[in-house]
Amino acid sequence: SLSGTWTLHNGVKMPYLGLGVYKANEGEEVINAVSWALETGYRHIDTATAYENEEGVGKAIKQSKIAREDLFLTSKIWNSDQGYDSTIEAFEKSLERLDTNYLDLYLIHWPVKGKYKDTWRALEKLYKDGKIKAIGVSNFLQHHLEDLMKDCEINPMVDQLEFHPWLVQSDLQDFCKLNSIQYEAWSPLMQGKAFDNDTLKELGEKYDKSPAQIVIRWDLQNGVITIPKSTSKDHIKSNSEVFDFELSDLDMKKINALDREERIGPDPDNFD
Ligand code: NAD
Numbered sequence: 012s013l014s015g016t017w018t019l020h021n022g023v024k025m026p027y028l029g030l031g032v033y034k035a036n037e038g039e040e041v042i043n044a045v046s047w048a049l050e051t052g053y054r055h056i057d058t059a060t061a062y063e064n065e066e067g068v069g070k071a072i073k074q075s076k077i078a079r080e081d082l083f084l085t086s087k088i089w090n091s092d093q094g095y096d097s098t099i100e101a102f103e104k105s106l107e108r109l110d111t112n113y114l115d116l117y118l119i120h121w122p123v124k125g126k127y128k129d130t131w132r133a134l135e136k137l138y139k140d141g142k143i144k145a146i147g148v149s150n151f152l153q154h155h156l157e158d159l160m161k162d163c164e165i166n167p168m169v170d171q172l173e174f175h176p177w178l179v180q181s182d183l184q185d186f187c188k189l190n191s192i193q194y195e196a197w198s199p200l201m202q203g204k205a206f207d208n209d210t211l212k213e214l215g216e217k218y219d220k221s222p223a224q225i226v227i228r229w230d231l232q233n234g235v236i237t238i239p240k241s242t243s244k245d246h247i248k249s250n251s252e253v254f255d256f257e258l259s260d261l262d263m264k265k266i267n268a269l270d271r272e273e274r275i276g277p278d279p280d281n282f283d
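The sequence shown: position 146 = 157 (full-length UniProt numbering), numbered continuously.
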């Protein structure tokens, strides 16, 4: 169900499905999107300092009157704020903008070379101080994770990565599973670019679902947490209607076979 969760390696429960708000404009647009999502039953919101909409997310949460402990709120530290002291400061500012006193999940947005270990120590400190329920990374490939885990005290609980039928990275998924790092998908809908794919359209007809719902369901059956973005009330609702059907093993394999190792976002090895 929409309230279904996976348990992270520290015992924290993280909802399978959340609303992503990248490029949702600060103010009315993001406030509406988050409000509609919460009305629909979403309890997990994914924002970032870089999205410049944390205030709107905070306002929508306040307006909803939903108890803070019933929500799962994620934000991310931006590249230019990385480093130990600057991370602590940036985190406190995020809390202020979000109008809350803790985060459920805080992620290192990108693996900035020479900095991400200091940044991680700051996340560990904030976690131990009880200000973040779970800490993780984003866009860390296997070599980044190995390098971090060599020196860290607490292993990341989550890695949020580009993941969709054109970019499956099954070796990275296996590595994360082996290390109890929960895989989370960003741009799960390929930013809307693949809805006219024949396989996804055929499967949509077979299950009486939209291609978007087929892809979101494929994420869930892969054990991947997913945060499709929309600012449309109808899409926010329909993207959550994925708990009343199940893709067969064969159909799961058909979608896996669409893999082209093709990124729509930046390559983590060449970004910072
Ligand atoms: P997405 O794959 O979720 O696609 C969003 C696009 O698809 C939007 O343009 C929307 O209008 C369209 N769409 C949504 N539902 C639809 C539907 N049912 N039918 C037709 N069109 C539909 O793209 P995204 O926003 O890039 O990724 C999702 C979230 O992941 C982001 O909002 C953000 O929270 C996160 N993210 C994280 C990183 C990172 O580096 N960690 C990078 C990109 C995105």
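Positions of the beta carbon are idealized from the N, C-alpha and C atoms, including for glycine.
Reference Gly-15, options Lys-34, Arg-54, Ile-42, closest by Cα | When only C-alpha atoms are compared, the closest one is Arg-54.
Under a three-way DSSP split, which group does Gly-94 fall into?
-> Coil at Gly-94, not helix or strand.
For Leu-214 and Asp-262, the rounded distance between their alpha carbons = A direct Cα-to-Cα measurement between Asp-262 and Leu-214 gives close to 8 Å.
Out of Lys-204, His-154, Asp-207, point me to the one whose CA is closest to Phe-186's CA.
-> Restricting attention to Lys-204, His-154, Asp-207, the CA atom closest to the CA of Phe-186 is found in His-154.
Report yes or no: do the stretch 116-135 and the stretch 263-273 share at least 3 C-beta pairs separated by less than 8 Å?
-> By the criterion of at least three beta-carbon pairs nearer than 8 Å, the stretch 116-135 is not in contact with the stretch 263-273.
Continuous beta strand (DSSP E) assignments of at least 3 residues falling wholly in the stretch 211-238 | Counting only runs of 3 or more, we get nothing.
Opposing strand residues paired with Glu-195 [DSSP bridges] | Glu-195 pairs with Gln-171, Ile-236.
Rounded to whole angstroms, what's the CA-CA distance from Leu-189 to Glu-252? Just pull it up for me.
-> In a straight line, the C-alpha of Leu-189 is about 30 Å away from that of Glu-252.
Can the beta-carbon of Val-235 be found less than 8 Å from the beta-carbon of Tyr-194?
-> Tyr-194 sits close to Val-235, with the two beta carbons spaced by under 8 Å.
Entirely within the stretch 100-174 and at least 3 residues each: give me those beta strand (DSSP E) ranges in chain order.
-> Along the stretch 100-174, the beta strand (DSSP E) occurs as fully enclosed runs of 3 or more residues at 114-119, 143-149, 169-173, listed in sequence order.
Distance between beta carbons of Pro-239 and Ala-205, contact taken as under 8 Å = Between Ala-205 and Pro-239, the beta carbon gap of about 13 Å keeps them out of contact (Cβ cut-off 8 Å).
Leu-183 Cβ short of 7 Å to the ligand NAD heavy atom set | Answer for Leu-183: no, Cβ out of range of the ligand NAD.
Buried or exposed by the 16-neighbour rule on C-beta atoms within 10 Å, applied to Pro-26 = That one is buried.
Would DSSP call Leu-183 helix, strand or coil?
-> Leu-183: helix per DSSP, three-state reduction.
Nearest-angstrom Cα separation, counted from Lys-139 out to Asn-112 | For Asn-112 and Lys-139, the distance between alpha carbons rounds to 15 Å.
Who pairs with Phe-83 in a beta bridge, going by DSSP?
-> Paired residues: His-55.
Ends of the alpha helix (DSSP H) at Met-263?
-> In this chain, the alpha helix (DSSP H) harbouring Met-263 covers 260-267.
Reduced DSSP secondary structure (H/G/I, E/B, other) of Pro-277 | Note: Pro-277 maps to coil in three-state DSSP.
Less than 8 Å between the CB atoms is what I'm expecting for Lys-87 and Leu-109, so what's the real figure, rounded?
-> That belief does not hold up - the Cβ atoms of Lys-87 and Leu-109 are roughly 12 Å apart, past 8 Å.
Residue span of the alpha helix (DSSP H) that contains Lys-34, given as start and end = Here Lys-34 belongs to no alpha helix (DSSP H), and DSSP marks it neither H nor E.
By Cβ distance, which residues of its chain are closer than 8 Å to Asn-208, with the 5 residues on each side in sequence left out?
-> Contacts found: Pro-176, Pro-222, Leu-269.
Grab me the residues of Tyr-127's own chain with a C-beta within less than 7 Å of its C-beta, minus the 5 sequence neighbours each way, in chain order.
-> So the list reads Gln-93, Ile-119, Leu-159, once near-sequence residues are dropped.
State the Cα-Cα distance for the pair Thr-58 and Met-201, rounded to the nearest angstrom.
-> When rounded, the distance between both Cα atoms is 18 Å.
For Pro-279 versus Leu-178, is the C-beta spacing smaller than 8 Å?
-> Cβ distance not < 8 Å, so Pro-279 and Leu-178 don't count as in contact.
Assigned secondary structure, Ile-77 (DSSP; H/G/I helix, E/B strand, else coil) | Coil, per DSSP.
Run the proximity test for His-155: is its beta-carbon closer than 7 Å to any non-hydrogen atom belonging to the ligand NAD?
-> For the ligand NAD, not one heavy atom lies less than 7 Å from the Cβ of His-155.
Okay, do the stretch 35-43 and the stretch 64-80 touch, 3+ Cβ pairs below 8 Å being the bar?
-> Counting Cβ pairs under 8 Å, three or more are found: they touch.
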